[in-house]
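Student:
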Amino acid sequence: MSELATLARPYAQAVFKRAVETDSIEKWSEQLFFISEVMSDHEIKSLVINPKVNIDKTLGLVLDICQDYVDQEARTFIKLLFENKRLSLMPSILSLFESLKSEHGGYIHADVLTAYDLSVEALDNLSNSLALALGKKIHINVILDKSLIGGVLIRAGDIIIDGSIRGQLQQMQKTLQ
Amino acid sequence: MQLNPSEISDLIKKKIENFELSSQAHTEGTVVSVSDGIVRVHGLSDAMQGEMLEFPGNTFGMALNLERDSVGVVILGAYQHISEGDTVKCTGRILEVPVGEALLGRVVDALGNPIDGKGAIETTETSPIEKIAPGVIARQSVDQPVQLGLKSIDAMIPVGRGQRELIIGDRQTGKTAIAIDAIINQKGTGIKCIYVAIGQKRSSIANVVRKLEEHGAMGHTIIVAASASESAAMQFIAPYTGCSMGEFFRDQGEDALIIYDDLTKQAWAYRQVSLLLRRPPGREAYPGDVFYLHSRLLERASRINAAEVERLTNGRVKNKTGSLTALPIIETQGGDVSAFVPTNVISITDGQIFLESNLFNSGIRPAVNAGLSVSRVGGAAQTKIIKKLGGGTRLDLAQYRELAAFAQFASDLDESTRKQIERGQRVTELMKQNQYSPMSVAEMSVSLFAANEGFLDEVEVNKVLAFEAALHLYMKSEYTDLMDRINATGDFSNEIKQEMQVAIETFMKTHSW
């Protein structure tokens, strides 16, 4: 995983620079998402790595599938990945692109795990205080998780803020050991 | 200890009462791969070099490689239960071990956990294992001796408090024996000892502990054991652990002696960890920083001045200097001191005690090669009387070595050469000493005096040790006062010289050996 990120980084950076130049970050984001979904398909994956299948044919097939969804630049990008045999890096390229995008936009994605549904007001409060603490705009994604018992657990990048009953019980278990 | 159930529930209740709920932010990462005790972790963008990382199952690791997309971590202890996808937490702390007086008499592992079955260690203080050595201003020159109790070493290669003196030699040349004798001889001197066993058999470690207990030397000793069966990471950090424990005493204005047995194995363990972390191999496949590995460790052995002690103890201890003396041990292969690790450590230390297998096999034990062994700073620290009397020994042995080849033509030699050879033979014989029988300064002085003044020349070579034993016995019973005076001050005056002269003359007239 870590090695894949190293390989994917130059591609993601190149695409992102181009996207900024042409002011088409959102468009590229969608296109990369689509290509990544196509490449995650099991059959396409096995075709790409199958040495018996002619490369030109596979390329034609992938371009065919993407035809209506990607523009000329993205098609060139797919061709380039094909030539360098790096199509399997697509998911990593997408995730790196997304992180570059959020960095560029000055916001951060935060997963909020909660045991019960949060009210809109509570979410707003949470989002504001998180924005204050992390110094960035926050895009919140709420996930329901009954195993927390109560409270919330916030995951923003590498940072974890555990305010759940489960986490507190675990802390207590450690102190009593 | 018997506890009744109500006490236990009280204890738990108290703990729960004092338990503070907090929802602090921490950084988390995910395990990507596990192999041979090395774990790659994705995430952990805030991890520090050498930081302690928490794995599931109360396991800790140390971050050694900080890369762009991952962190390379060595696991301290068992790693079999860690699998891909496990979460890893930053603790925000550099690896720490317990330190303090309570550790004396105990056997601990490389993390400071007791392994001698004597229960928990009652100490609240901890200290990071990696610390920067004292600065130039904080230091004081070495001017007090550490008596190892071995004639050949104390007379010719003296060690001072705060010195780093290497013990080097092939396998089976008595390197550990010197170290153990040194620990035993510190009984009652106030010098605390730390013995760090790295990559040794558990049976050897148990032997050392038993020998120290038999000689009543465990009371002032801490043993840090990272045996051969423990992970390479534990063997790599064990010396730093021991050093932190020793520094505690140094910083309190006390004196401590630490023995690293041996640093060759630590370098091997570090080489293993480095290669598994894919650091580029250099000479003999060691990583590029193997010199720094030892230099930063040995640099921490030092003597610090009273002002620094006062500063470190917040004014609690005044007018006392502190010292940490290090005796690192290096094992050579076939006497090759020009291998990578031996040359490194020789250049770092303030001298070396060179042990040779052919001397050992010919019965000269300790098998010290007096020609190749040196002490670069110890001379300033030597007890006056030993310095005065021991100077001749070195010269006698040096002259003897030059002439030793002619020894078999004894009848064809001129008088002075023959005398020198005979003196050399006797001094060589006198330098022999049994294991676990360290000598006091007074005993050593008497022996050296007898050799210097030519009393030994009248004794047959194979009777020298018997003569010495009898002489010591006689001196201890008939001249107790003189012996005590020498032991107390270590001074050498004409008066003492006269008394010794008379004593030995009387002994030779009235006693047999």
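Order-wise, the sequence lines are chains X and S.
Residue numbering for the first sequence follows our numbering, beginning at 52 and increasing consecutively.
Residue numbering for the second sequence follows our numbering, beginning at 326 and increasing consecutively.
All C-beta atoms in this analysis are idealised placements derived from N, C-alpha and C, irrespective of residue type, glycine included.
#1: For a quick check, are the C-beta atoms of S:Arg-365 and X:Thr-57 less than 9 Å apart?
#2: Helix, strand or coil: which one does DSSP assign to X:Ile-216?
#3: Looking only at its own chain, which residues have a Cβ that is under 6 Å from the Cβ of S:Pro-459, when we skip the five neighbours before and after it?
#4: Using 9 Å as the limit for Cβ to Cβ distance, is S:His-351 near chain X?
#5: Rounded to the nearest angstrom, how far is the Cβ of S:Gly-354 from that of S:Val-422, given a contact under 8 Å?
#6: DSSP three-state label for X:Lys-103, please.
#7: What does the Cβ neighbour count give for S:Thr-514, buried or exposed, with the cut at 16 atoms within 10 Å?
#8: Considering Cα atoms alone, identify which of S:Ile-509, S:Asp-586, S:Leu-582 is closest to S:Ile-523.
#9: Output the boundary residues of the beta strand (DSSP E) element that contains S:Gln-760.
#10: Fully enclosed by the region 329-380 of chain S, which alpha helix (DSSP H) runs are 4 residues long or longer?
#11: What's the C-alpha gap between S:Glu-656 and S:Lys-476?
#12: For X:Leu-106 and chain S, any beta-carbon pair shorter than 9 Å?
#13: By how many angstroms is the C-alpha of S:Ile-710 removed from the C-alpha of S:Glu-376?
#14: Just the chain S side, please: which residues come within less than 7 Å of X:Thr-28 by C-beta, in chain order?
#15: What residues of chain X sit near S:Arg-393, judged by a beta carbon separation below 7 Å?
#16: I'd like to know whether the C-beta atoms of S:Leu-623 and S:Arg-489 end up nearer to each other than 9 Å.
#17: Would S:Pro-470 be called buried (16 or more neighbouring beta carbons within 10 Å of its own) or exposed?
#18: Counting only runs that start and end within the region 598-640 of chain S, where is the alpha helix (DSSP H) found for 4 or more residues in a row?
#19: Of the residues S:Ala-705, S:Ser-529, S:Asp-675, S:Gly-494, which one's Cα is nearest the Cα of S:Arg-690?
#20: Is the region 794-805 of chain S touching the region 830-837 of chain S in the sense that three or more CB pairs, one from each, lie closer than 8 Å?
#21: DSSP on X:His-160, reduced to helix/strand/coil?
#22: Determine the closest residue to S:Pro-381 out of S:Ala-388, S:Leu-389, S:Leu-391, S:Gly-410, with distance taken between C-alpha atoms.
#23: Grouping DSSP H, G and I as helix and E and B as strand, with all else coil, what is S:Asn-438?
#24: For S:Ala-592 versus S:Leu-600, is the C-beta distance shorter than 9 Å?
#25: Assuming S:Met-559 contacts S:Leu-420 (C-beta within less than 8 Å), just tell me the rounded distance between them.
#26: Would you please state the rounded distance, in angstroms, between the beta carbons of S:Ile-519 and S:Ala-504? I believe it to be under 8 Å.
#27: Spatial neighbours of X:Met-52 within its chain, please: CB distance less than 7 Å, with the 5 preceding and 5 following residues excluded, ordered by chain position.
#28: For chain X, is any of its Cβ atoms less than 9 Å away from the one on S:Gly-368?
#29: Would you give the residue range spanned by the alpha helix (DSSP H) that X:Asp-175 belongs to?
#30: Along the chain, which unbroken stretches of the beta strand (DSSP E) at least 3 residues long are found entirely within the region 527-607 of chain S?
#31: Going along the chain, which residues of its own chain have a beta-carbon closer than 7 Å to the beta-carbon of S:Lys-757, five neighbours each way excluded?
#32: Are the C-beta atoms of X:Gly-208 and some chain S residue less than 9 Å apart?
#33: What does a CB cutoff of less than 6 Å around X:Leu-204 pick up in its chain, not counting 5 residues either side in sequence?
#34: Looking at chain S, is there any beta carbon in it that lies within less than 9 Å of the beta carbon of X:Asp-213?
#35: Can you check whether the CB of S:Arg-625 is closer than 9 Å to the CB of S:Pro-612?
#36: In angstroms, rounded to a whole number, what distance separates the CA positions of X:Tyr-158 and S:Val-666?
Tutor: So, to answer that:
#1: Along the second sequence, read from residue 1 onward, the residue named residue 365 of chain S stands at position 40. Along the first sequence, read from residue 1 onward, the residue named residue 57 of chain X stands at position 6. In this structure, X:Thr-57 does not lie closer than 9 Å to S:Arg-365 by Cβ.
#2: Mapped onto the first sequence, residue 216 of chain X falls at position 165. Of the three classes helix, strand and coil, the one that applies to X:Ile-216 here is helix, per DSSP.
#3: Looking up residue 459 of chain S in the second sequence gives position 134. Counting only Cβ-Cβ distances below 6 Å, and skipping sequence neighbours, we find Ser-627, Ile-629.
#4: Here residue 351 of chain S refers to the residue found at position 26 when the second sequence is read from its first residue. It does; some Cβ of chain X falls within 9 Å.
#5: Stepping through the second sequence from its first residue, residue 354 of chain S is reached at position 29. Stepping through the second sequence from its first residue, residue 422 of chain S is reached at position 97. So it is not a contact: roughly 24 Å between Cβ atoms.
#6: For the purposes of this step, residue 103 of chain X is identified with residue 52 of the first sequence, where counting begins at 1. Correct three-state label for X:Lys-103: coil.
#7: Against the second sequence, residue 514 of chain S aligns to sequence position 189. Flag for S:Thr-514 reads exposed.
#8: On the second sequence, position 198 is the one that residue 523 of chain S refers to. The shortest C-alpha separation from S:Ile-523 is found at S:Asp-586.
#9: For this step, residue 760 of chain S is matched to residue 435 along the second sequence. Counting along the chain, S:Gln-760 falls outside any beta strand (DSSP E), and DSSP gives it neither H nor E.
#10: 330-343
#11: On the second sequence, position 331 is the one that residue 656 of chain S refers to. On the second sequence, position 151 is the one that residue 476 of chain S refers to. Cα-Cα distance, rounded: 23 Å.
#12: Numbered from 1 along the first sequence, position 55 holds the residue referred to as residue 106 of chain X. The sequence as given places Ile at residue 106 of chain X; Leu does not occur at that position. Judged by the 9 Å Cβ criterion, X:Ile-106 is not in contact with chain S.
#13: Locating residue 376 of chain S in the second sequence gives position 51, counting from the first residue. Locating residue 710 of chain S in the second sequence gives position 385, counting from the first residue. S:Glu-376 and S:Ile-710: Cα-Cα distance of roughly 50 Å.
#14: Absent from the structure is residue 28 of chain X, since the part of chain X shown begins at 52 and ends at 228.
#15: Working through the second sequence from its first residue, we reach residue 393 of chain S at position 68. Around S:Arg-393, the beta-carbon contacts reaching into chain X at under 7 Å are Thr-57.
#16: As a first step, residue 623 of chain S is located in the second sequence; it is residue number 298 there, counting from the start. As a first step, residue 489 of chain S is located in the second sequence; it is residue number 164 there, counting from the start. The Cβ-Cβ distance between S:Leu-623 and S:Arg-489 falls below 9 Å.
#17: Position 145 of the second sequence, counting from 1, holds the residue named residue 470 of chain S. Buried: at least 16 other Cβ atoms inside 10 Å.
#18: 615-623, 631-637
#19: As a first step, residue 690 of chain S is located in the second sequence; it is residue number 365 there, counting from the start. Of the listed residues, the one whose Cα sits closest to S:Arg-690 is S:Gly-494.
#20: yes
#21: Mapped onto the first sequence, residue 160 of chain X falls at position 109. Three-state result, X:His-160: strand.
#22: Locating residue 381 of chain S in the second sequence gives position 56, counting from the first residue. Residue S:Gly-410 is the option with its Cα nearest to S:Pro-381.
#23: Here residue 438 of chain S refers to the residue found at position 113 when the second sequence is read from its first residue. Note: S:Asn-438 maps to coil in three-state DSSP.
#24: Along the second sequence, one-based indexing puts residue 592 of chain S at 267. Along the second sequence, one-based indexing puts residue 600 of chain S at 275. Not closer than 9 Å, so no.
#25: For the purposes of this step, residue 559 of chain S is taken as the residue at position 234 of the second sequence. For the purposes of this step, residue 420 of chain S is taken as the residue at position 95 of the second sequence. Actually they do not touch by this definition, with Cβ atoms about 11 Å apart.
#26: In the second sequence, residue 519 of chain S corresponds to position 194, counting from 1. In the second sequence, residue 504 of chain S corresponds to position 179, counting from 1. The Cβ separation is near 11 Å, so there is no contact.
#27: For the purposes of this step, residue 52 of chain X is taken as residue 1 along the first sequence, with counting starting at 1. Its pLDDT being 48, under 50, X:Met-52 is placed unreliably in this model, and the coordinates cannot settle the point.
#28: Position 43 of the second sequence, counted from the start, is the residue given in the question as residue 368 of chain S. Contact with chain X is found for S:Gly-368, since one of that chain's Cβ atoms lies less than 9 Å from the residue's Cβ.
#29: Position 124 of the first sequence, counted from the start, is the residue given in the question as residue 175 of chain X. Segment 171-185, the alpha helix (DSSP H) holding X:Asp-175.
#30: Counting only runs of 3 or more residues that sit fully inside the region 527-607 of chain S, the beta strand (DSSP E) segments are 546-551, 580-586, in chain order.
#31: Sequence index remark: in the second sequence, residue 757 of chain S carries index 432 (1-based). Once the five neighbours on either side are set aside, the close Cβ partners of S:Lys-757 are Ile-689, Arg-690, Leu-790.
#32: By one-based count along the first sequence, residue 208 of chain X stands at place 157. For X:Gly-208, the nearest beta carbon of chain S is closer than 9 Å to its own beta carbon.
#33: As a first step, residue 204 of chain X must be located in the first sequence, where it is residue number 153. Cβ contact annotation for X:Leu-204 (same chain, cutoff 6 Å, sequence separation greater than five): Leu-164, Asp-213, Ser-215, in chain order.
#34: As a first step, residue 213 of chain X is located in the first sequence; it is residue number 162 there, counting from the start. By this cut-off, X:Asp-213 is an interface position.
#35: If you number the second sequence from 1, residue 612 of chain S lands on position 287. If you number the second sequence from 1, residue 625 of chain S lands on position 300. Pairing S:Pro-612 with S:Arg-625 gives a Cβ-Cβ distance that is not under 9 Å.
#36: By one-based count along the first sequence, residue 158 of chain X stands at place 107. By one-based count along the second sequence, residue 666 of chain S stands at place 341. Cα to Cα, the separation comes out at about 52 Å.
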